[in-house]
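Asker: Got a structure for you, questions after.
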Amino acid sequence: MKKIEAIIKPFKLDEVKDGLEKMEITGMTISEVRGFGRQKGHLEIYRGAEYNVGFVPKIKIDVVVSADQVDQVIKTITDHANTSQIGDGKIFVLPVEKVIRIRTGETGKDAI
Numbered sequence: 028m029k030k031i032e033a034i035i036k037p038f039k040l041d042e043v044k045d046g047l048e049k050m051e052i053t054g055m056t057i058s059e060v061r062g063f064g065r066q067k068g069h070l071e072i073y074r075g076a077e078y079n080v081g082f083v084p085k086i087k088i089d090v091v092v093s094a095d096q097v098d099q100v101i102k103t104i105t106d107h108a109n110t111s112q113i114g115d116g117k118i119f120v121l122p123v124e125k126v127i128r129i130r131t132g133e134t135g136k137d138a139i
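Whatever position you read off the sequence shown (first residue = 1), add 27 for this note's numbering.
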């Protein structure tokens, strides 16, 4: 099993979620996060004053899938989150040793 963490632009969340639901991904966790990459934030103007926003709002999607689904999930996320602009985000793939469903005690793929 693998955990896929995707950091995307907030306005792309619905598109990515719909794409993953079409793949029959049964669960995901969404978090509102802030950060920066190469873009180093951006300038905004508020009441005539210019200021630097160092941490840009993003959405983090966490999905745990079987190893054979990883490439398709990555493709779905990149296809739906891509704007071809700086700050589109990143995808991280991590190994998952064990999954346990608290309610039933199921483990492994059955718990996803």
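Glycine is no exception: its CB is placed at the ideal position from the N, C-alpha and C atoms.
Do you know offhand how far I127's Cα is from R61's?
Answerer: The straight-line gap from Cα to Cα measures roughly 29 Å.
Asker: Using DSSP bridges, identify the partner residues of D89.
Answerer: Beta-bridge pairing links D89 to E32, T56.
Asker: To the nearest angstrom, how far is the alpha carbon of E22 from that of E133?
Answerer: Residue 22 cannot be examined here, being either before or after the span of the chain that is shown, 28 to 139.
Asker: Using C-beta distances below 7 Å, list every residue in its chain close to V120, excluding the 5 sequence neighbours before and after it, in chain order.
Answerer: So the qualifying residues of the chain are K29, I31, V97.
Asker: Our contact map puts K36 next to K85 with C-beta atoms below 8 Å; I'd like the distance itself, whole angstroms only.
Answerer: Confirmed, about 7 Å.
Asker: Which same chain residues end up closer than 7 Å to P122 when comparing Cβ atoms and leaving out the 5 residues on each side of it in sequence?
Answerer: Same-chain partners within the cutoff: K29.
Asker: Please identify the residue among G114, I113, T110, V92 whose C-alpha is closest to the C-alpha of E48.
Answerer: With distances taken between Cα atoms, E48 lies closest to V92.
Asker: Classify K44 as helix, strand or coil using the three-state DSSP reduction.
Answerer: It is helical.
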